[in-house]
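Numbered as in the numbering used here, the sequence shown ends at 702 without a single skipped number.
Just so you know, even glycine gets a beta-carbon here, dropped at the ideal spot from N, CA and C.
Note that the structure is a prediction, hence the values are computed from the model and not measured.
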Amino acid sequence: MAFTPSTACSKPSLLLAPRASSSYSRGSRVKAQALLRTPSTSAFRGLRAPAATPAAPSPLRRRPAASTSIVCGKVSKGSVAPNFTLKDQDGKAVSLSKFKGRPVVVYFYPADETPGCTKQACAFRDAYEKFKKAGAEVVGISGDDPASHRAFAQKYRLPFTLLSDEGNRVRKEWGVPADLFGTLPGRQTYVLDKKGVVQYVYNNQFQPEKHIAETLKILQGI
481 MAFTPSTACS KPSLLLAPRA SSSYSRGSRV KAQALLRTPS TSAFRGLRAP
531 AATPAAPSPL RRRPAASTSI VCGKVSKGSV APNFTLKDQD GKAVSLSKFK
581 GRPVVVYFYP ADETPGCTKQ ACAFRDAYEK FKKAGAEVVG ISGDDPASHR
631 AFAQKYRLPF TLLSDEGNRV RKEWGVPADL FGTLPGRQTY VLDKKGVVQY
681 VYNNQFQPEK HIAETLKILQ GI
């Protein structure tokens, strides 16, 4: 009997069919590699990404050169008050050393004729006899000139000395701190004993009258 192949065997087996996907993948990789080697024809042809440049080393920080300006020391309790010579309301030169041998109240204030400074000066005036009984001298210092001090003292009948620290040299030497972010000269009072040693420092910008009561308390104990 002759053998007749079945219809199932007339079709090629799927297992024996060529692997088209594998050959396509190899062809795709070859084309992709060729494209990468081919110069670009786009509008950005010839443009290259900027080469990464190494970061510049940060400059070495150098310490600032030492200042040649005068560094002002701060006068504090227990220190000897530095001497100074300034003109008073009559234009006469007055030195702090002149008052050595008796207590001295040195008060720095912002300016003549301002509300707070006028209150403070008048409060010192009204209590001046108490200062005299304690054997103390009162000296006010601001940056106003002697003419301004003279008018200020005459107007309010101030019986004590006002000194003109034009340029605020003494204020800086004593280290009187400014107020309102450095825009307003400070209001600070120092009580010196007979030897010129600072026994008390009081700072109060906005309660000027309190300087008088505080200093009188200290004077009673020295």
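Pairwise C-alpha distance: residue j and residue i
{"i": "Arg667", "j": "Val585", "result": "13 Å"}
{"i": "Phe640", "j": "Val618", "result": "6 Å"}
{"i": "Gln569", "j": "His629", "result": "5 Å"}
{"i": "Trp654", "j": "Ala614", "result": "25 Å"}
{"i": "Gly676", "j": "Lys554", "result": "15 Å"}
{"i": "Ile698", "j": "Val671", "result": "8 Å"}
{"i": "Ala631", "j": "Lys674", "result": "31 Å"}
{"i": "Leu664", "j": "Lys612", "result": "31 Å"}
{"i": "Val650", "j": "Phe564", "result": "7 Å"}
{"i": "Ile465", "j": "Leu642", "result": "No answer is possible for residue 465: the residues shown for the chain start at 481 and end at 702."}
{"i": "Gln634", "j": "Lys610", "result": "21 Å"}
{"i": "Ala591", "j": "Val656", "result": "14 Å"}
{"i": "Gly701", "j": "Pro583", "result": "11 Å"}
{"i": "Leu576", "j": "Leu566", "result": "9 Å"}
{"i": "Leu696", "j": "Cys597", "result": "18 Å"}
{"i": "Ser556", "j": "Arg637", "result": "31 Å"}
{"i": "Lys652", "j": "Gln687", "result": "22 Å"}
{"i": "Glu593", "j": "Ala616", "result": "25 Å"}
{"i": "Pro562", "j": "Pro595", "result": "30 Å"}
{"i": "Lys578", "j": "Phe588", "result": "18 Å"}
{"i": "Val560", "j": "Lys580", "result": "12 Å"}
{"i": "Leu660", "j": "Glu694", "result": "23 Å"}
{"i": "Glu689", "j": "Val678", "result": "21 Å"}
Coarse secondary structure for residue i, derived from DSSP in three states
{"i": "Tyr670", "result": "strand"}
{"i": "Gly620", "result": "strand"}
{"i": "Lys567", "result": "strand"}
{"i": "Ala573", "result": "strand"}
{"i": "Leu638", "result": "coil"}
{"i": "Thr521", "result": "Caution applies to Thr521, whose pLDDT of 44 falls short of 50 and renders its modelled position unreliable; the value that the coordinates give is listed next. Note: Thr521 maps to coil in three-state DSSP."}
{"i": "Ser628", "result": "helix"}
{"i": "Ile692", "result": "helix"}
{"i": "Gln685", "result": "coil"}
{"i": "Gln679", "result": "strand"}
{"i": "Leu660", "result": "coil"}
{"i": "Ala591", "result": "coil"}
{"i": "Ala614", "result": "coil"}
{"i": "Ile702", "result": "coil"}
Cβ-heavy atom distance, residue i to the ligand HEM, below 8 Å
{"i": "Phe611", "result": "Absence of the ligand HEM is noted for the structure shown, with no ligands found whatsoever."}
Start and end residues, beta strand (DSSP E) containing residue i
{"i": "Phe588", "result": "584-588"}
Endpoints, alpha helix (DSSP H) assigned at residue i
{"i": "Ala561", "result": "Neither: Ala561 is in no alpha helix (DSSP H) and is coded neither H nor E."}
{"i": "Pro595", "result": "595-606"}
{"i": "Val555", "result": "Looking at the DSSP string, Val555 is not in any alpha helix (DSSP H), and its letter there is neither H nor E."}
{"i": "Lys580", "result": "Where Lys580 is concerned, there is no enclosing alpha helix (DSSP H), given that its DSSP letter is neither H nor E."}
{"i": "Glu646", "result": "Run containing Glu646: none; DSSP gives neither H nor E here."}
For the 8 Å Cβ check, are there 3 or more pairs between the region 617-632 and the region 645-659?
-> In the pairwise beta carbon analysis, the region 617-632 is classified as touching the region 645-659: at least three pairs are separated by under 8 Å.
Are the region 591-605 and the region 676-684 in contact at 8 Å, needing three or more beta carbon pairs?
-> In the pairwise beta carbon analysis, the region 591-605 is classified as not touching the region 676-684: fewer than three pairs are separated by under 8 Å.
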